[in-house]
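In terms of the UniProt record's numbering, the sequence shown has 152 at position 152, counting the first letter as 1, and numbering is strictly consecutive. Here is the structure we will look at.
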Amino acid sequence: MAMNSASHDVAERVEKRWAMVVVAIILVLIAMTIYTGLHWAMMPPSRVETIRPETLHVSGEFVESNLGSATEPDGSVTVRIVAQQYSFTPQCLLVPANTPITFRATSSDVVHGFLVTNTNINSMLEPGYVATFKTTFDKPGEHLMPCHEYCGVGHQGMWAHVRVVDKASFAQMAGASSGRVSCVK
Ligand code: CUA
1 MAMNSASHDV
11 AERVEKRWAM
21 VVVAIILVLI
31 AMTIYTGLHW
41 AMMPPSRVET
51 IRPETLHVSG
61 EFVESNLGSA
71 TEPDGSVTVR
81 IVAQQYSFTP
91 QCLLVPANTP
101 ITFRATSSDV
111 VHGFLVTNTN
121 INSMLEPGYV
131 ATFKTTFDKP
141 GEHLMPCHEY
151 CGVGHQGMWA
161 HVRVVDKASF
171 AQMAGASSGR
181 VSCVK
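See below:
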């Protein structure tokens with residue numbers, strides 16, 4: 001009898017301890033979700049933006065003349081990109097270092113991948129949806145941007161690159177060009 005009640009106590013203590021561990025894990029996951037949502041590291045459902053893929057090229061934000069890097073009044077840069085079988089437009093993105101960058105991208109046909117090597121950018125581009133990411137490149141350099149979602153027979157040849165230049169060179173190039181800038185020759 002005494003033995004039984006002792007083991008019952010032990011079981012209860014162990015169960016309580018594990019229940020607390022489980023609650024702590026859940027709280028950490030909820031905190032992570034809130035933190036990443038607030039810092040744009042992920043997009044909660046409330047932030048989903050839709051767009052009509054069949055009229056992308058005709059009107060609106062993703063017409064060809066509006067693609068590439070645009071300097072905003074606050075000094076940040078917005079880069080707009082369209083993915084299609086089997087390329088990105090523009091094929092070479094030009095961005096300044098040490099500047100808040102917002103990427104806005106979508107697909108005009110099927111699901112493509114959007115990954116910039118050595119950054120936190122790694123997502124899918126789905127027709128009908130706009131993907132938005134914020135990042136800052138801390139130094140000039142080149143990053144590859146391969147499509148990493150299988151999108152058809154030409155998938156392995158679908159990639160672009162991101163050229164990060166220092167702020168002054170970017171300002172010079174952006175100033176010299178009347179519209180959006182990119183490093184496509
Ligand atoms: Cu586009 Cu794979």
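We put the CB at the ideal spot given by N, CA and C, even for glycine.
Alpha-carbon spacing of residue i relative to residue j, whole angstroms
i: G128; j: M145; result: 21 Å
i: T33; j: A24; result: 14 Å
i: G154; j: Q85; result: 7 Å
i: N118; j: E142; result: 10 Å
i: G75; j: T36; result: 24 Å
i: S169; j: L27; result: 46 Å
Where the beta strand (DSSP E) containing residue i begins and where it ends
i: L94; result: C92 to P96
i: E80; result: Note that residue 80 corresponds to Arg in the displayed sequence, not to Glu. Note, R80: beta strand (DSSP E), V77 to Q84.
i: N120; result: Premise fails: N120 is in no beta strand (DSSP E) and is neither H nor E.
i: M145; result: G141 to P146
Which listed residue (the options) has its alpha carbon closest to that of residue i
i: L94; options: V116, H57, I30 and Y86; result: V116
i: C183; options: A168, V164 and V82; result: V164
i: G152; options: H8, G113, F170 and V10; result: G113
i: V110; options: E126, L56 and C147; result: E126
heavy atom of the ligand CUA below 8 Å from residue i C-beta
i: G128; result: no
i: C147; result: yes
i: Q85; result: yes
i: H161; result: no
i: G179; result: no
(request) Starting from the N-terminal side, write out each stretch of the alpha helix (DSSP H) that is 4 residues or longer and does not extend beyond the segment 12-69. (result) none
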